[in-house]
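Enquirer: Here it is, the structure, as structure tokens.
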Amino acid sequence: MAAPSPASKPFVVVFGGEDFLLDRERMKARTWVGRQVVTVDGDGLADHELVELCRTGTFDESLRVVILDEANKVKGDKALKAYIKEKDENDIATILVAIVRSEKLPDVWAQAGKKGRIIERPKLKTWDRNNEVVKWIGEEAKRLGIRLAKGVDDTLFALVGHDLGRLAGEIQKLGLLVGRGNEASLDQLRLVLAPSPSAEAWQVAEAVADKDFRRAMNLLSTLYKSEGDDANVPIAYALMKQIEKLMVARFMFDSKMPEEDMASALGMHPFRFKNSLLPMVRKHSMPDLIKHMQKLASLDAGVKGSTRSKRTLVELAVLSIASVAA
Amino acid sequence: MFQSNPCAVSCFLKVKTVLDEVREQPEGVRFLRRIVERKFTNPLLLIGDEGVGRRFSVIQAVKEIYCTGTQAAGCRCFNCMQIDHGIHPDLMIVGPENGEVKVGPIRELVSASFNGPSVAPLKVFVIDGADKMNAASANAILKTLEEPPSTARFFLLAESAGKVIPTIKSRCGIVRYRPLSEPFIVSVLQRSDDDCTKALIIARMSEGSIGRAVQYMGAGRLAFRDKVFGFLRLALEKNVPGLFSSIDSIEKELPLALRFLEQIVHDIIMVSTSPIIHTDLAQEFGKMRVQREEEVWHQMLTSVRELREKIRSRVHLPFQVKNLFAQTFWV
Numbered sequence: 000m001a002a003p004s005p006a007s008k009p010f011v012v013v014f015g016g017e018d019f020l021l022d023r024e025r026m027k028a029r030t031w032v033g034r035q036v037v038t039v040d041g042d043g044l045a046d047h048e049l050v051e052l053c054r055t056g057t058f059d060e061s062l063r064v065v066i067l068d069e070a071n072k073v074k075g076d077k078a079l080k081a082y083i084k085e086k087d088e089n090d091i092a093t094i095l096v097a098i099v100r101s102e103k104l105p106d107v108w109a110q111a112g113k114k115g116r117i118i119e120r121p122k123l124k125t126w127d128r129n130n131e132v133v134k135w136i137g138e139e140a141k142r143l144g145i146r147l148a149k150g151v152d153d154t155l156f157a158l159v160g161h162d163l164g165r166l167a168g169e170i171q172k173l174g175l176l177v178g179r180g181n182e183a184s185l186d187q188l189r190l191v192l193a194p195s196p197s198a199e200a201w202q203v204a205e206a207v208a209d210k211d212f213r214r215a216m217n218l219l220s221t222l223y224k225s226e227g228d229d230a231n232v233p234i235a236y237a238l239m240k241q242i243e244k245l246m247v248a249r250f251m252f253d254s255k256m257p258e259e260d261m262a263s264a265l266g267m268h269p270f271r272f273k274n275s276l277l278p279m280v281r282k283h284s285m286p287d288l289i290k291h292m293q294k295l296a297s298l299d300a301g302v303k304g305s306t307r308s309k310r311t312l313v314e315l316a317v318l319s320i321a322s323v324a325a
Numbered sequence: 000m001f002q003s004n005p006c007a008v009s010c011f012l013k014v015k016t017v018l019d020e021v022r023e024q025p026e027g028v029r030f031l032r033r034i035v036e037r038k039f040t041n042p043l044l045l046i047g048d049e050g051v052g053r054r055f056s057v058i059q060a061v062k063e064i065y066c067t068g069t070q071a072a073g074c075r076c077f078n079c080m081q082i083d084h085g086i087h088p089d090l091m092i093v094g095p096e097n098g099e100v101k102v103g104p105i106r107e108l109v110s111a112s113f114n115g116p117s118v119a120p121l122k123v124f125v126i127d128g129a130d131k132m133n134a135a136s137a138n139a140i141l142k143t144l145e146e147p148p149s150t151a152r153f154f155l156l157a158e159s160a161g162k163v164i165p166t167i168k169s170r171c172g173i174v175r176y177r178p179l180s181e182p183f184i185v186s187v188l189q190r191s192d193d194d195c196t197k198a199l200i201i202a203r204m205s206e207g208s209i210g211r212a213v214q215y216m217g218a219g220r221l222a223f224r225d226k227v228f229g230f231l232r233l234a235l236e237k238n239v240p241g242l243f244s245s246i247d248s249i250e251k252e253l254p255l256a257l258r259f260l261e262q263i264v265h266d267i268i269m270v271s272t273s274p275i276i277h278t279d280l281a282q283e284f285g286k287m288r289v290q291r292e293e294e295v296w297h298q299m300l301t302s303v304r305e306l307r308e309k310i311r312s313r314v315h316l317p318f319q320v321k322n323l324f325a326q327t328f329w330v
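Chains as they are written, first to last, in numbering that gives the first Met the number 0: chain A, 0 to 325; chain B, 0 to 330.
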């Protein structure tokens with residue numbers, strides 16, 4: 000998008016759930032050579048205002064590009080539809096770049112895309128067998144002109160996570176260290192990477208369900224460091240969901256249901272069920288789970304009530320469920 | 000005299016006025032009539048369950064004050080029509096947003112109360128949800144309720160006196176609205192549906208609230224009640240996945256489900272001794288009752304009541320309901 004190609008069209012529609020990649024497309028459009036750039040936000044923008052903006056020419060009749068961020072928040076009423084319909088495919092005096100921050104493309108922008116270009120930037124999957132973020136790390140390194148030694152991409156993902164912004168920054172640092180055209184090794188990666196541990200509420204809940212109280216408490220403290228007391232309610236919620244899931248699984252386990260049927264009833268892959276949930280289920284009996292349920296019901300009321308020491312309540316609940324004696 | 004005061008005409012001729020449209024709430028009507036006759040100017044706190052006629056009776060009283068026409072039901076004078084359409088400039092009604100009466104609308108109400116009426120003899124302000132005012136909104140109106148402007152009348156509606164803050168309560172005349180009688184609700188329901196048994200069950204389910212009864216009549220609530228009754232069956236069978244998924248499927252309607260559950264458990268306890276609400280399920284209640292000891296049902300009833308009290312504190316209701324069944328039947 001850096002320079003208008005001969006195949007330039009009046010509309011460029013970029014959509015998807017990967018904000019980093021959408022932002023990158025937006026930045027590319029902002030540096031469009033030879034065009035005056037106007038940036039507007041779709042939040043609170045009326046359709047007729049957008050149409051007027053696209054129709055208004057410049058004083059010196061120079062070419063323009065109008066970048067509409069959050070285009071999914073534009074209503075898409077008659078005025079905009081009529082503008083898209085009437086727009087000549089060869090009229091590229093003003094190019095409208097719509098950044099649609101949603102996985103689904105609204106009809107009005109699909110129509111615009113037919114007269115121009117549609118660029119899809121879906122949320123990258125982080126599945127065990129198909130980790131698109133790891134693939135993206137390789138592509139990003141190639142873009143910056145460095146080669147990655149075996150295992151660097153996986154390690155980078157394991158240490159940084161799925162945040163593409165942070166990953167791009169780390170790859171850039173790696174590029175500066177090794178220099179363009181060279182290969183980055185694992186040791187060099189460790190040199191540039193500033194590890195910052197992160198934790199999420201569901202990880203705490205899984206550690207609790209696994210009765211790994213050391214890990215649970217470590218994750219809990221990491222989570223509190225990053226989120227503060229805002230983490231109380233999400234942790235309580237994650238624990239409740241986990242215990243519910245364990246109860247359902249335990250019931251099916253006690254009923255001697257085949258593993259595959261259990262996995263399908265819980266909406267899980269049989270392999271994942273067998274290796275992650277089933278060992279947890281074996282660690283809890285139904286009477287224990289019912290007791291945990293009561294504790295969590297009190298915790299739920301506690302973290303939403305006026306108790307001062309909500310964090311202590313959460314820690315006590317985590318400890319009492321995760322401890323081996325429970 | 001009669002020309003200048005239409006109320007006097009109606010009193011003299013003993014004709015029915017709009018306020019007489021309010022049924023079964025003699026205490027409320029008595030107080031409101033005193034306000035209409037300008038013998039009582041203090042703010043009124045109307046306490047009663049939702050749908051027993053608090054708001055309706057206030058509107059009728061306002062019509063009686065504002066009416067420039069016949070003063071009878073169905074009057075089509077300009078003021079009565081504006082009230083019916085909710086656009087009368089001298090009548091302001093404030094209600095809760097997301098379960099809370101916020102301070103913004105209350106401040107607007109207070110400042111409007113110091114301006115004189117536009118077309119009517121008095122300005123009327125109704126706060127529907129005095130028990131849902133937060134501390135800021137209650138404090139914002141306190142002074143005005145203590146010394147209301149002479150041309151303003153205030154009506155505060157609340158479901159429970161206990162939830163209204165004492166400083167507000169002490170500044171108002173308190174009027175209690177009783178639950179409406181079963182025959183009255185049945186007679187109203189039968190205007191739209193001839194099914195006598197259904198009308199009777201719904202009248203009992205509504206617990207004296209005509210608003211609730213009308214809502215239940217039209218919204219397939221008997222089927223919903225059957226679904227709630229199904230929870231008990233699943234719990235007794237100890238069908239964990241079935242019960243949990245059923246509860247999740249009605250997540251948004253769980254407050255109503257708890258109301259029905261309380262009635263059902265109450266009926267199960269009372270099925271052999273006194274009249275019950277859900278008469279059509281009496282046989283099944285009898286069978287279910289013997290499956291557990293009486294203490295279990297009593298514990299269940301207490302727990303349901305406690306949980307209904309907790310709803311306002313925004314607990315995670317689906318989990319709490321699941322826990323309720325687990326603690327009662329599976330321990």
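Yeah, the Cβ is synthetic: ideal placement off N, Cα and C, and Gly gets one too.
Computed from a prediction, not measured in an experiment: that's the story for all the values here.
1. What residue range is occupied by the uninterrupted beta strand (DSSP E) comprising B/Asp-192?
2. So A/Asp-299 contacts chain E; which residues on that side make the cut at Cβ distance below 8 Å?
3. Between the Cα of B/Ala-119 and those of B/Cys-171, B/Gln-70, B/Leu-18, B/Ile-64, spot the shortest distance and give me the residue it belongs to.
4. Compile a chain-ordered list of the residues in the region 240-264 of chain B whose CB is closer than 8 Å to at least one CB of chain A.
5. Taking its Cβ as the centre, do 16 or more other Cβ atoms sit within 10 Å of B/His-315, making it buried, or is it exposed?
6. For B/Leu-45, write down the residues that DSSP places opposite it in a beta bridge.
7. Under 8 Å: do the region 279-297 of chain A and the region 237-247 of chain A share three or more Cβ pairs, one atom per stretch?
8. Indicate the three-state DSSP secondary structure (helix, strand or coil) for B/Gln-214 in the structure shown.
9. One question on the structure: do A/Val-191 and A/Leu-176 come within less than 8 Å of each other, judged by their Cβ atoms?
10. Would you report the Cα separation of B/Ile-167 and B/Leu-141, rounded to the nearest angstrom?
11. Output yes if chain A places a C-beta closer than 8 Å to the C-beta of B/Ala-325; else output no.
12. DSSP three-state call for A/Arg-116: helix, strand or coil?
13. Find out if the Cβ-Cβ distance for the pair B/Phe-128, B/Pro-95 is shorter than 8 Å.
14. Going by C-alpha to C-alpha distance, which of A/Ala-300, A/Asp-209, A/His-291, A/Ala-296 sits closest to A/Leu-277?
15. Since A/Ala-264 meets chain B, which of its residues come closer than 7 Å, beta carbon to beta carbon?
16. Compare the C-beta of A/Lys-309 against all C-beta atoms of chain B and say whether one is closer than 8 Å.
17. What distance in whole Å lies between the Cβ atoms of A/Ile-98 and A/Glu-24, which are believed to be in contact at a cut-off of 8 Å?
18. Starting from the beta carbon of B/Asn-41, find every residue of chain A whose beta carbon is closer than 7 Å, and list them in chain order.
19. Within the 8 Å Cβ cut-off, does B/Asn-322 reach chain A?
20. Check the Cβ of B/Lys-309 against every Cβ in chain A and list those closer than 7 Å, keeping chain order.
21. Determine, using beta carbons only, whether B/Val-330 comes closer than 8 Å to chain A.
22. For a contact meaning CB atoms closer than 8 Å, what does A/Tyr-236 contact in chain B?
23. Between the C-alpha atoms of B/Pro-5 and B/Asn-41, what's the straight-line distance to the nearest angstrom?
24. Per DSSP, B/Met-91 forms a beta bridge with which residues?
25. Check the Cβ-Cβ distances between A/Ala-296 and every residue of chain B, and say whether any is below 8 Å.
26. For A/Ser-193, which option in A/Gly-168, A/Val-203, A/Glu-199 has the closest C-alpha, if you only look at C-alpha atoms?
27. With distances taken from CA atoms, which of A/Asp-18, A/Ser-7, A/Phe-10 is nearest A/Arg-165?
28. Should A/Gln-55 go down as buried or exposed, given a rule of 16 or more other Cβ atoms within 10 Å for buried?
29. Work out the CA separation of B/Leu-18 and B/Gln-319 for me, nearest whole Å.
30. Mind checking who A/Phe-10 pairs with in its DSSP beta bridge?
Expert: Inspection of the coordinates gives the following:
1. That residue, B/Asp-192, is in no beta strand (DSSP E); it is neither H nor E in DSSP.
2. The chain labelled as chain E is not found among the protein chains of the depicted structure, namely A and B.
3. Checked all of B/Cys-171, B/Gln-70, B/Leu-18, B/Ile-64; the closest Cα to B/Ala-119 is B/Ile-64.
4. Pro-240, Phe-243
5. buried
6. B/Leu-156, B/Val-174
7. yes
8. helix
9. yes
10. 6 Å
11. yes
12. Reduced to three states, the DSSP call for A/Arg-116 is strand.
13. Just to set this straight, residue 128 of chain B is Gly in the shown sequence, not Phe. Yes, they are a contact pair.
14. A/Asp-209
15. Pro-240
16. Taking 8 Å as the threshold, the shortest C-beta distance from A/Lys-309 to chain B does not fall below it.
17. 7 Å
18. Ordered by position in chain A, no residue passes the 7 Å Cβ test against B/Asn-41, which lies about 33 Å from the chain.
19. Interface residue, yes.
20. Ala-300
21. yes
22. Chain order gives the chain B residues near A/Tyr-236 as His-315, where near means a beta carbon separation below 8 Å.
23. The predicted position of B/Pro-5 is uncertain, since its pLDDT is 44 and thus under 50; a value taken from the coordinates is nonetheless stated next. Cα-Cα distance, rounded: 23 Å.
24. B/Phe-124
25. yes
26. The amino acid occupying residue 193 of chain A in the given sequence is Ala; Ser does not appear at that position. The candidate whose alpha carbon is nearest that of A/Ala-193 is A/Gly-168.
27. A/Asp-18
28. Here residue 55 of chain A is Thr; the residue named in the question, Gln, does not match the sequence. Its Cβ having fewer than 16 others within 10 Å, A/Thr-55 is exposed.
29. 44 Å
30. For A/Phe-10, which the question treats as bridged, DSSP gives the partners A/Leu-95.
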